[in-house]
Amino acid sequence: MSQVSLIQENNWLIQEAAFKVNHYKHFEGVFTTGNGYLSVRGSFEEGLKDENQAEEYMRLPMNVSLEKSNLMVSKWGTYVPGVAGVHPLLKEVMVNLPWMLEFKMWLDEEQLSMEDCTISEYSRSLNMQDGTLIRSFLWKTKEGQEVKVSFERLVSMDCDHLCVQRVKLDFQKGSGKLKVAAGINGNVRTNGYNHFTSFKSSEENGFIQTEVLTDKGQQVVQGAMILSKGENLWNVKQENNHIFFETVMDCDSHSSHDFTKLCAIATSRDLHGSDPYVTVKETLKEHAGITYELLKNKHTAVWENLWLQSDIELKGNDQLQISVRFSLYHLLRSNVRKDPRVAIDAKGHAGEAYFGRYFWDTEIYLLPFFIYTNPEAAKNLVLYRYNTLQGAKQNAAAYGYKGARYAWESGLTGEEQCPNWQYADHEVHITADVAYGLWHYYKATGDFKFLMDHGFEILVETARYWVSRVYKNDSGVYELSGVMGPDEYSPFSKNNAFTNYLVKFNLGIVSEAARLIKEYDQNNYLSLQKKLKITDEEYQQFETLLGGLVFPKDENRNLILQSEDFESYEEIDFNAVWKDRSKPFGHYISQEKMYRSKCLKQADILTLLMLFPNGFTEEEMKSAYYYYEPITTHDSSLSPSTHSIIASWIRNQEEAERFFLQTAGLDLDLNKLGAAEGIHIANAGGIWQAIIHGFCGVRNAVQSEKLELKPLMPSFVQEISFPYLWKGNRIRFTLNTEKILLENEGDNQVVITLKNEDITLAPKTRIEKELH
Numbered sequence: 004m005s006q007v008s009l010i011q012e013n014n015w016l017i018q019e020a021a022f023k024v025n026h027y028k029h030f031e032g033v034f035t036t037g038n039g040y041l042s043v044r045g046s047f048e049e050g051l052k053d054e055n056q057a058e059e060y061m062r063l064p065m066n067v068s069l070e071k072s073n074l075m076v077s078k079w080g081t082y083v084p085g086v087a088g089v090h091p092l093l094k095e096v097m098v099n100l101p102w103m104l105e106f107k108m109w110l111d112e113e114q115l116s117m118e119d120c121t122i123s124e125y126s127r128s129l130n131m132q133d134g135t136l137i138r139s140f141l142w143k144t145k146e147g148q149e150v151k152v153s154f155e156r157l158v159s160m161d162c163d164h165l166c167v168q169r170v171k172l173d174f175q176k177g178s179g180k181l182k183v184a185a186g187i188n189g190n191v192r193t194n195g196y197n198h199f200t201s202f203k204s205s206e207e208n209g210f211i212q213t214e215v216l217t218d219k220g221q222q223v224v225q226g227a228m229i230l231s232k233g234e235n236l237w238n239v240k241q242e243n244n245h246i247f248f249e250t251v252m253d254c255d256s257h258s259s260h261d262f263t264k265l266c267a268i269a270t271s272r273d274l275h276g277s278d279p280y281v282t283v284k285e286t287l288k289e290h291a292g293i294t295y296e297l298l299k300n301k302h303t304a305v306w307e308n309l310w311l312q313s314d315i316e317l318k319g320n321d322q323l324q325i326s327v328r329f330s331l332y333h334l335l336r337s338n339v340r341k342d343p344r345v346a347i348d349a350k351g352h353a354g355e356a357y358f359g360r361y362f363w364d365t366e367i368y369l370l371p372f373f374i375y376t377n378p379e380a381a382k383n384l385v386l387y388r389y390n391t392l393q394g395a396k397q398n399a400a401a402y403g404y405k406g407a408r409y410a411w412e413s414g415l416t417g418e419e420q421c422p423n424w425q426y427a428d429h430e431v432h433i434t435a436d437v438a439y440g441l442w443h444y445y446k447a448t449g450d451f452k453f454l455m456d457h458g459f460e461i462l463v464e465t466a467r468y469w470v471s472r473v474y475k476n477d478s479g480v481y482e483l484s485g486v487m488g489p490d491e492y493s494p495f496s497k498n499n500a501f502t503n504y505l506v507k508f509n510l511g512i513v514s515e516a517a518r519l520i521k522e523y524d525q526n527n528y529l530s531l532q533k534k535l536k537i538t539d540e541e542y543q544q545f546e547t548l549l550g551g552l553v554f555p556k557d558e559n560r561n562l563i564l565q566s567e568d569f570e571s572y573e574e575i576d577f578n579a580v581w582k583d584r585s586k587p588f589g590h591y592i593s594q595e596k597m598y599r600s601k602c603l604k605q606a607d608i609l610t611l612l613m614l615f616p617n618g619f620t621e622e623e624m625k626s627a628y629y630y631y632e633p634i635t636t637h638d639s640s641l642s643p644s645t646h647s648i649i650a651s652w653i654r655n656q657e658e659a660e661r662f663f664l665q666t667a668g669l670d671l672d673l674n675k676l677g678a679a680e681g682i683h684i685a686n687a688g689g690i691w692q693a694i695i696h697g698f699c700g701v702r703n704a705v706q707s708e709k710l711e712l713k714p715l716m717p718s719f720v721q722e723i724s725f726p727y728l729w730k731g732n733r734i735r736f737t738l739n740t741e742k743i744l745l746e747n748e749g750d751n752q753v754v755i756t757l758k759n760e761d762i763t764l765a766p767k768t769r770i771e772k773e774l775h
């Protein structure tokens, strides 16, 4: 596996040691910086030669996993989650906003270009510890001048609306005239489509600003100003949806220049409701008198706290440490900390491949990380589902059903945005996944107010959907047909095990939630009962369906069937069909044949076991793993982490480690260039789960009332250390092959079950135990 080079003495840095054009788009994704409100891809400030960011083309609805991306070598990206447009074929999409980090330079007549100029001593690195992106190199011009150039930038964690750049030039040889142009460029497109209905630009009191309106009617205002030492005269120029500062200065040998560029952004949908022009102006004015060092210090302080809550330390494997921190960095960066109207899109706001939409990834792969490191962030994710409940109800009605049917691809309102009918119509498990996610949040945090004010209504409406979606056969048994589980290569299955089990879970927790609310606050329950018009007859319907819905299993083989009809699918010769296993299996088979064959994109049953390990025996786990793994293509990026977890639980260490290394390298592998279109953010959450729930064997709050773990220490690290928030108490685990150190950093006593032994851990104490 060829990965990015690392700075071994500092496992917080990802370094690109040499510029290669064919790697550039990949590193734009890898080096994305952000604060949740704003994310910016890691494009060069000066851009690339002859790139056309305004190229227009029509992207078509299709399977994104198998889609061939546009051949552009560069993709600028400036994203504010919730700022959206309307595509004629793809429905609602996240909009790529004007590029505001532009900073171009000419020395005499030579324009700085990584492709055309003579560049040496090149280094570009992302410091994940403080979210700064730094690039430095020596520029040797054709006229013989030599200039040491450094760029540094950050998207402020201290101020949502602020992005800061610093550019330093040190002339080491020769002299000449330096021209600088730095501005905001509105010549960008989103997936080849122009979503701007207007572009305006202006200059005011030393700063420039732009305004765009999206075709969904949203207003976005951006501003920029230049701070530099010396008395440089900056002119402002405007041309073709582009506004920029420009200056020309004489530079002598050994002279130095230091520029700071402040950029601000605000939108008409911001929660505080202020005029975006006012927000941008005040943001620039407030920070104009603060040094770059102080701005960076304030930003870094927020990052320090985030890492304190979430870092996983691995000793003895530098490559793996950087890979794991890379996944955690992007989870932290992409979290929209203050806005429950949006979630984290499938590419982590680092690209447009999935149009900025939200999937089942949110509940199954992302939510666990936030539940056990930052419950407030987790709460925003589950509140997003409440805020889009009306859209889910409209989806159900559109299909002719009652209750709430959550969208497979969700956006601002919760109405279905998926343009592909096979997923939109059939991948209905998302509705039960939402119920699982909110119950997981409640069980882990004890947030009873959320359950009463928001969660219970979701549970009732989703249960109503299932009652109207199932059918009762002639034998009086309830069934679900025409269903696609997580395995998207089997779209029209009958009684899909994953879906049916989650539906049963969804139905079961409605009554449990009702009982809890009645016991806690009878008056509140009566109010909810009146609001939702729920009757005892409906509760009985839920219970009847819970007990009567089919769950397919082959008792003779002790095997849970992916679906009741799965064994009738055609066997397939993978070696004959799959000619090149470096490419997805889906490229080598027609959709028609795929849909009737035993070939899985990911294993439904293993995902089910990952969620409910206590619902099945170890023998059932082993039977499922060894039956389904050989016919699983792992074309889904979610598949390897799930397999690693289940392999850990059945004590197959070799397989657990193999799949973990596969998932850990997904977005850093230079052979695959997997980050070109954005970060596989659900895979990042899967990496966290594979370590915490897989190798360390920690059971989550749905799976166990007690904090329980059964570790399987991987061979490729010497020690694992991580924080874990359990029902309000932060516990730190540090384990190696021989011992485990348990530290209670909280204020309450915690009982920890280690390999079936109960250990009582008093507040602010630690206990060390042997693992053998």
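To convert, take the position in the sequence shown, counting from 1, and add 3; that gives my numbering.
Even for Gly, the Cβ is constructed at its ideal location relative to N, Cα and C.
V437 and T465 do touch by the CB rule: their CB atoms are close to 7 Å apart, below 8 Å. Rounded to the nearest angstrom, the gap between the Cα atoms of N130 and P555 is 49 Å. Contact annotation: A693 and S644 have beta-carbon atoms nearer than 8 Å. Excluding the 5 residues flanking it on each side, G195 has same chain C-beta neighbours closer than 8 Å at E58, E59, Y60, M61, R62 and N73, in chain order.
Close CB contacts of A685 within its chain, under the 6 Å cut and outside five residues either way in sequence, are with D364, Y368 and L641 (chain order). For L181 against M252, the beta-carbon gap comes to about 5 Å, under 8 Å, which counts as contact. Proximity of the segment 540 to 550 to the segment 581 to 594 falls short of the contact definition, fewer than three beta-carbon pairs being nearer than 8 Å. Burial is judged here by how many other beta carbons sit within 10 angstroms of a residue's own beta carbon; H257 has fewer than 16 and is exposed. Within the same chain, and ignoring the five residues on either side of K203 in sequence, the residues whose Cβ sits closer than 7 Å to its Cβ are T213 and E214.
Counting along the chain, G186 sits inside the beta strand (DSSP E) bounded by residues G179 to N188. Residue pairing from DSSP places G88 in a beta bridge opposite V96. Counting along the chain, H260 sits inside the beta strand (DSSP E) bounded by residues S259 to T270. When DSSP assignments are scanned along the segment 561 to 632, the uninterrupted stretches of alpha helix (DSSP H) that are 4 or more residues long and fall wholly within it turn out to be 577 to 580, 594 to 597, 607 to 614 and 621 to 631.
Nearest in C-alpha terms to T294, of all of F199, R169, S271 and Y375, is R169. Within the DSSP bridge table, the entry for M228 names L265 as partners.
Comparing C-alpha distances from M455 to each of D490, N14 and L386 shows the shortest one belongs to L386. Around the Cβ of D450, a 10 Å sphere holds 16 or more other Cβ atoms; the residue is buried.
Closest in alpha carbon position to P766, among W729, Y27, E773 and S478, is W729. Each of N308, L745 and Y389 was checked against the Cα of T376, and the nearest Cα belongs to N308. The residue among H696, H775, D161 and S42 with its C-alpha nearest the C-alpha of H333 is S42. Using a Cβ distance threshold of 8 Å, Q706 and P633 do not count as a contacting pair.
Taking 8 Å as the cut-off, the Cβ atoms of N14 and D314 do not count as close. When the Cα atoms are used, Q532 and K596 turn out to be separated by approximately 49 Å.
Secondary structure of E522 (DSSP, three-state): helix.
Distance from the CA of Q114 to the CA of E49, rounded to the nearest whole angstrom, comes to 9 Å. Residues W411 of the same chain have their beta carbon placed closer than 6 Å to that of Y426, with the five preceding and five following residues left out of the count. When the beta-carbon positions are compared, D607 and Q665 stay at least 8 Å from each other. The beta carbon of V183 sits closer than 6 Å to the beta carbons of M108 and T250 from its chain, once the five residues preceding and following it are set aside; these are given in chain order.
Classified as buried, W442 has 16 or more neighbouring CB atoms from the shown chains inside 10 Å of its CB.
When the beta-carbon positions are compared, L535 and E622 stay at least 8 Å from each other.
Taking 8 Å as the cut-off, the Cβ atoms of I690 and V152 do not count as close.
Under the Cβ criterion (8 Å, minimum of three pairs), the segment 383 to 403 does not count as touching the segment 714 to 724. Using a Cβ-Cβ distance cut-off of 8 Å, the segment 694 to 702 and the segment 710 to 717 are in contact, since at least three pairs of beta carbons, one from each stretch, lie closer than that value.
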